[in-house]
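As they're listed, the protein sequences go chains A and B.
Residues in the first sequence are numbered from 17 upward in steps of one, following our numbering.
Residues in the second sequence are numbered from 6 upward in steps of one, following our numbering.
Yeah, the Cβ is synthetic: ideal placement off N, Cα and C, and Gly gets one too.
These numbers were taken from a predicted model, which means no experiment stands behind them.
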Amino acid sequence: MTLLRRTVCVLLAVLLALPFAAGALTTPASAADSDVTINVYNWGQYISDGTDGYIDVNAAFTEATGIKVNYMTFDTNESLYTKLKTGGSTYDIIVPSDYMAGRLIAEDLVQEIDFGNIPNYAYIDEAYKNTAYDPDNRYSVPYTWGTTGVIYNTKYVDPADIGGWDLLWNSKYAGKILMFDNNRDAFAIAESSLGYSLNTTSESELRACSELLAPQKPVIQQYVMDQIYDKMIGEEAWIAPYYAGDFLMMQEENEDLEFYFPEEGFNLFIDCMMIPTSAEHKAEAEAYINFLLDPAICGENLDYLGYSAPETAAKEYMDPEMAENEIAYPSAEVLANSESFLYLPQETNQLMDSLWLEVKTGGGSTTGMLVTFLVIVAAVLAVLIGYSIRKRRRKARRGKYYHAK
Amino acid sequence: MKNKLLAGPYLLWMVVFTLIPLGIVVYYAFTDSMTGSFTLSNLAKIGIYLPIFFRSIGLAAIACMICLVIGYPVAYCIASVGETWRRFLSMLVMLPMCMSFLLRTLAWVALLEDTGILNHALSLLGIGPLPLVRNNGAVILGMVYNYLPYMITPLYTVILKIDPKLEEAAQDLGCSGAQVFRRVTLPLSIPGIVSGITMVFVPAVSTFYISQKLGGTGTVLIGDVIESQFKTAYNPNLGAALSLILMVMVLICVGVMNHFSSDDIGEEMMPL
Numbered sequence: 017m018t019l020l021r022r023t024v025c026v027l028l029a030v031l032l033a034l035p036f037a038a039g040a041l042t043t044p045a046s047a048a049d050s051d052v053t054i055n056v057y058n059w060g061q062y063i064s065d066g067t068d069g070y071i072d073v074n075a076a077f078t079e080a081t082g083i084k085v086n087y088m089t090f091d092t093n094e095s096l097y098t099k100l101k102t103g104g105s106t107y108d109i110i111v112p113s114d115y116m117a118g119r120l121i122a123e124d125l126v127q128e129i130d131f132g133n134i135p136n137y138a139y140i141d142e143a144y145k146n147t148a149y150d151p152d153n154r155y156s157v158p159y160t161w162g163t164t165g166v167i168y169n170t171k172y173v174d175p176a177d178i179g180g181w182d183l184l185w186n187s188k189y190a191g192k193i194l195m196f197d198n199n200r201d202a203f204a205i206a207e208s209s210l211g212y213s214l215n216t217t218s219e220s221e222l223r224a225c226s227e228l229l230a231p232q233k234p235v236i237q238q239y240v241m242d243q244i245y246d247k248m249i250g251e252e253a254w255i256a257p258y259y260a261g262d263f264l265m266m267q268e269e270n271e272d273l274e275f276y277f278p279e280e281g282f283n284l285f286i287d288c289m290m291i292p293t294s295a296e297h298k299a300e301a302e303a304y305i306n307f308l309l310d311p312a313i314c315g316e317n318l319d320y321l322g323y324s325a326p327e328t329a330a331k332e333y334m335d336p337e338m339a340e341n342e343i344a345y346p347s348a349e350v351l352a353n354s355e356s357f358l359y360l361p362q363e364t365n366q367l368m369d370s371l372w373l374e375v376k377t378g379g380g381s382t383t384g385m386l387v388t389f390l391v392i393v394a395a396v397l398a399v400l401i402g403y404s405i406r407k408r409r410r411k412a413r414r415g416k417y418y419h420a421k
Numbered sequence: 006m007k008n009k010l011l012a013g014p015y016l017l018w019m020v021v022f023t024l025i026p027l028g029i030v031v032y033y034a035f036t037d038s039m040t041g042s043f044t045l046s047n048l049a050k051i052g053i054y055l056p057i058f059f060r061s062i063g064l065a066a067i068a069c070m071i072c073l074v075i076g077y078p079v080a081y082c083i084a085s086v087g088e089t090w091r092r093f094l095s096m097l098v099m100l101p102m103c104m105s106f107l108l109r110t111l112a113w114v115a116l117l118e119d120t121g122i123l124n125h126a127l128s129l130l131g132i133g134p135l136p137l138v139r140n141n142g143a144v145i146l147g148m149v150y151n152y153l154p155y156m157i158t159p160l161y162t163v164i165l166k167i168d169p170k171l172e173e174a175a176q177d178l179g180c181s182g183a184q185v186f187r188r189v190t191l192p193l194s195i196p197g198i199v200s201g202i203t204m205v206f207v208p209a210v211s212t213f214y215i216s217q218k219l220g221g222t223g224t225v226l227i228g229d230v231i232e233s234q235f236k237t238a239y240n241p242n243l244g245a246a247l248s249l250i251l252m253v254m255v256l257i258c259v260g261v262m263n264h265f266s267s268d269d270i271g272e273e274m275m276p277l
């Protein structure tokens with residue numbers, strides 16, 4: 017009895033001490049002097065987080081520098097923009113795509129980076145420097161690059177139907193097709209299909225795109241971003257346009273998934289790291305950027321992610337199969353068919369926003385809904401009016417009765 | 006005087022977190038997103054979104070009626086059983102609300118989708134995948150499921166408070182069971198019905214999560230449009246205008262209902 021009690025006491029004491037012991041073991045010596053936490057705002061599923069034995073990038077960074085990372089995710093460039101624009105939250109690192117990077121620079125929402133703190137920038141390939149959105153390399157550092165294309169499930173999709181973007185309109189697969197839930201990527205598909213530039217500012221061309229996207233709605237299962245993972249892996253949907261890097265990740269979970277670059281053309285994008293004007297820990301943010309550019313870290317991180325590395329040096333640290341993957345690193349011939357997004361003028365963005373909203377909200381069984389609505393209103397009114405008439409009558413009768421009495 | 010002072014903190018809260026934000030909503034609704042000058046163009050856009058308003062109100066109203074039809078017998082039953090059972094049953098009604106609303110809706114998706122649990126079970130019986138999700142029916146189901154406790158709780162509270170002596174008196178005076186219900190219990194529970202309908206209708210008409218998860222591309226509700234204006238399209242002015250219109254519509258609906266119900270109560274009780 018006493019032995020049991022003593023054992024329980026010892027166990028409890030050990031349990032209580034455990035968190036402290038764990039803290040002492042994992043915290044490196046250098047952490048003692050740094051109590052800074054940086055806020056990193058990145059895309060969902062966009063960093064190696066320690067799953068499947070891959071590197072946990074954020075933990076490795078904290079271990080190396082003692083700086084803690086508060087990691088948060090967003091799912092579209094547009095929601096990132098809205099978050100920054102409305103304020104209220106401070107981020108030290110954000111990872112927008114090229115066209116959004118251009119918009120953030122133009123609207124002074126990001127600040128210049130001190131490249132003296134980022135020696136690893138030297139590893140970045142020339143092709144990802146002096147870009148259209150940041151011609152003087154002052155505000156941005158590339159994180160990854162990639163392409164968009166069509167993911168499909170070979171179990172259900174006839175090989176004769178693949179090849180172009182028109183698969184996304186194929187009514188044979190109605191209800192099993194997903195679509196981008198952001199205007200720029202969705203319009204790019206329509207623009208490629210119609211042979212327009214992905215950066216068109218012509219109102220008539222954009223309207224033609226929305227007229228192409230509107231009739232697509234009945235065959236679309238849902239407009240999604242990150243939910244695409246569950247839906248494609250679980251075979252709830254069979255066809256989806258998405259980013260090549262994410263396809264490589266999905267294919268590991270479901271081997272029936274395949275990918276192709278549509279023949280009409282597709283988007284080539286660079287996602288880059290930037291520091292918002294409102295950042296509170298600029299130096300630590302730069303340390304984080306530098307850490308991610310380290311070829312070993314970059315290689316291991318992108319080995320897991322499937323997105324393409326902007327530095328050749330990183331390929332050494334990747335699984336050779338990934339480093340030579342034709343979907344992650346397409347040949348120059350394939351890439352010749354791609355086009356990058358540029359930052360568009362404000363009016364074009366607004367027009368695209370409202371056209372996209374019309375596509376998503378318009379159509380449907382409008383008349384059916386109107387009829388249902390009117391029937392409901394009529395029914396409710398009939399009940400209420402009938403009720404009050406009956407009551408008034410009853411009241412009148414009652415009045416008579418009382419008088420007669 | 007003392008009582009008024011006690012209400013002070015909440016009144017302050019109301020001013021800071023209800024009235025001032027409401028003022029901001031009105032301000033945004035009447036200003037232009039680019040220049041910030043006065044405009045009616047945001048409100049004028051209601052024309053485009055009218056079908057979506059109708060769809061939202063229609064689906065919410067249907068969900069409300071279903072909640073009432075399901076909820077009333079349940080509330081009546083809970084109110085009429087013994088103390089121990091009553092406590093147990095009302096706990097059962099409230100229990101799902103202890104879990105996250107988002108999680109419960111996602112659970113329905115997992116149940117209903119084409120590769121979901123129900124369709125999987127059906128396929129074992131040889132029945133092909135049924136379109137159980139991504140339609141109006143699934144959205145209504147989500148609304149009924151999530152908001153049913155809001156209907157049952159006020160109904161149950163009101164029915165419980167009805168003096169059994171009134172029902173006994175009606176029976177003594179020769180009313181049949183059905184007549185007692187129709188002429189005594191039902192009219193006396195109208196305040197519960199009204200607050201139940203309000204508490205279901207208002208959140209249902211402005212919901213966006215349910216329609217995004219359980220609805221398809223054709224079941225966009227006004228809540229989805231408002232959410233997208235704030236979350237991705239960055240047009241808070243249009244979002245505010247649509248919110249304002251929705252608020253006015255809801256106030257009208259609730260006002261009409263309260264108007265009809267408030268003259269009922271006093272008078273129906275007269276002959277008793």
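1) Mind checking which residues open and close the alpha helix (DSSP H) that includes Thr377/A?
2) Does the CB of Ile51/B have a neighbour CB from chain A at under 9 Å?
3) How long is the line joining the alpha carbons of Asp201/A and Tyr276/A, rounded to whole angstroms?
4) Quick one: Cα of Arg109/B to Cα of Val138/B, how far?
5) List the residues of chain B that Thr92/A touches, going by C-beta distances under 8 Å, in chain order.
6) Please list, in chain order, all residues of the same chain as Asn58/A whose beta carbon is under 8 Å from its beta carbon, the five residues on each side excluded.
7) Just checking: is the beta-carbon of Gln267/A within a distance shorter than 9 Å of some beta-carbon in chain B?
8) Quick check on Asp37/B - is its C-beta less than 9 Å from some C-beta in chain A?
9) With contact counted as at least three CB pairs below 8 Å, one residue from each stretch, are the region 117 to 127 of chain A and the region 94 to 107 of chain A in contact?
10) Exposed or buried, what is Leu34/A when buried is set at 16 or more other beta-carbons lying within 10 Å of its beta-carbon?
11) For the region 69 to 89 of chain B against the region 217 to 224 of chain A, do three or more pairs of beta-carbon atoms, one drawn from each stretch, fall closer than 8 Å, so that the two count as touching?
12) Would you identify the three-state DSSP class for Trp161/A, choosing helix, strand or coil?
13) Drop a sphere of 10 angstroms on the beta-carbon of Trp372/A, count the other beta-carbons inside from all chains shown, and report buried for 16 or more, exposed for fewer.
14) Give me whichever residues DSSP pairs with Asn86/A in a beta bridge.
15) Looking at the secondary structure, which residues open and close the alpha helix (DSSP H) in which Val230/B lies?
16) So is Thr2/B in contact with chain A if we call contact Cβ pairs under 9 Å?
17) Got a sec? Which residues, its chain only, sit under 8 Å from Leu219/B by beta carbon, not counting five neighbours each side?
18) So, is the C-beta of Gln366/A closer than 9 Å to a C-beta in chain B?
19) Tell me whether Pro278/A sits in a helix, a strand or coil according to DSSP, three-state version.
20) Between which two residues does the alpha helix (DSSP H) holding Pro154/B run?
21) Please compile the residues from chain B whose C-beta is within a distance smaller than 7 Å of the C-beta of Glu252/A.
22) Quick check: Thr36/B and Asn242/B, are their CB atoms within less than 9 Å of each other?
23) Flag this pair as yes or no: are the beta carbons of Asn151/B and Leu135/B separated by less than 9 Å?
24) At which residues does the beta strand (DSSP E) containing Ala256/A begin and terminate?
25) Pop quiz: Leu390/A and Val157/A are said to be a contact at Cβ under 8 Å. What is the actual Cβ separation, rounded to whole angstroms?
26) Between the region 171 to 198 of chain A and chain B, which residues of the former have a C-beta closer than 9 Å to a C-beta of the latter?
27) Grab me the residues of Pro44/A's own chain with a C-beta within less than 7 Å of its C-beta, minus the 5 sequence neighbours each way, in chain order.
Inspection of the coordinates gives the following:
1) In the first sequence, counting from the first residue as 1, residue 377/A sits at position 361. 362 to 377 is the span of the alpha helix (DSSP H), which, as asked, contains Thr377/A.
2) In the second sequence, the residue the question calls residue 51/B occupies position 46. With 9 Å as the cut-off, Ile51/B does not count as an interface residue toward chain A.
3) Start at 1 with the first residue of the first sequence, and residue 201/A comes out as number 185. Start at 1 with the first residue of the first sequence, and residue 276/A comes out as number 260. Cα to Cα, the separation comes out at about 16 Å.
4) Translated into the one-based positions of the second sequence, residue 109/B becomes position 104. Translated into the one-based positions of the second sequence, residue 138/B becomes position 133. Rounded to whole angstroms, Arg109/B to Val138/B spans 15 Å at the Cα level.
5) Along the first sequence, one-based indexing puts residue 92/A at 76. Those are Thr237, listed as they occur along chain B.
6) Translated into positions along the first sequence, residue 58/A becomes position 42. Once the five neighbours on either side are set aside, the close Cβ partners of Asn58/A are Tyr87, Met88, Thr89, Phe90, Ile109, Ile110, Val111.
7) One-based indexing of the first sequence puts residue 267/A at position 251. Not an interface residue.
8) On the second sequence, position 32 is the one that residue 37/B refers to. Not an interface residue.
9) yes
10) On the first sequence, residue 34/A is found 18 positions in, with the first residue counted as 1. With a pLDDT of 49 at Leu34/A, under the threshold of 50, the modelled position of that residue is not reliable, and the figure given next carries that caveat. So Leu34/A ends up on the exposed side.
11) no
12) Position 145 of the first sequence, counted from the start, is the residue given in the question as residue 161/A. Trp161/A: strand per DSSP, three-state reduction.
13) To locate residue 372/A, count along the first sequence from 1; it is residue 356. Buried, because 16 or more other Cβ atoms sit within 10 Å of the Cβ of Trp372/A.
14) Here residue 86/A refers to the residue found at position 70 of the first sequence. DSSP lists Asn55/A as partners of Asn86/A.
15) One-based indexing of the second sequence puts residue 230/B at position 225. Residues 227 to 236.
16) Because chain B in this structure spans residues 6 to 277, residue 2/B falls outside the shown range and cannot be described.
17) The sequence position of residue 219/B within the second sequence is 214, counting from 1. Excluding residues within five positions, the ones whose Cβ falls inside 8 Å are Thr110, Trp113, Val114, Leu117, Val138, Arg139, Ala143, Val144, Leu146, Gly147.
18) As a first step, residue 366/A is located in the first sequence; it is residue number 350 there, counting from the start. Closer than 9 Å: yes.
19) Along the first sequence, read from residue 1 onward, the residue named residue 278/A stands at position 262. Note: Pro278/A maps to coil in three-state DSSP.
20) To locate residue 154/B, count along the second sequence from 1; it is residue 149. It spans 141 to 166 - the alpha helix (DSSP H) in which Pro154/B sits, taken as one unbroken run.
21) As a working mapping, residue 252/A is identified with position 236 in the first sequence. Within chain B, the residues near Glu252/A are Glu118, Asp119, Thr120.
22) Here residue 36/B refers to the residue found at position 31 when the second sequence is read from its first residue. Here residue 242/B refers to the residue found at position 237 when the second sequence is read from its first residue. Yes.
23) Numbered from 1 along the second sequence, position 146 holds the residue referred to as residue 151/B. Numbered from 1 along the second sequence, position 130 holds the residue referred to as residue 135/B. Their beta carbons are not under 9 Å apart, which means Asn151/B does not touch Leu135/B by this criterion.
24) Within the first sequence, residue 256/A is the residue found at index 240, counting from 1. Unbroken beta strand (DSSP E) run through Ala256/A: 255 to 259.
25) Taking the first sequence and counting its residues from 1, one reaches residue 390/A at position 374. Taking the first sequence and counting its residues from 1, one reaches residue 157/A at position 141. That belief does not hold up - the Cβ atoms of Leu390/A and Val157/A are roughly 58 Å apart, past 8 Å.
26) Gly191, Lys192, Met195, Asp197, Asn198
27) Taking the first residue of the first sequence as position 1, residue 44/A is located at position 28. Here the model assigns Pro44/A a pLDDT of 43, short of 50, so the residue's position is not dependable and the matter cannot be decided.
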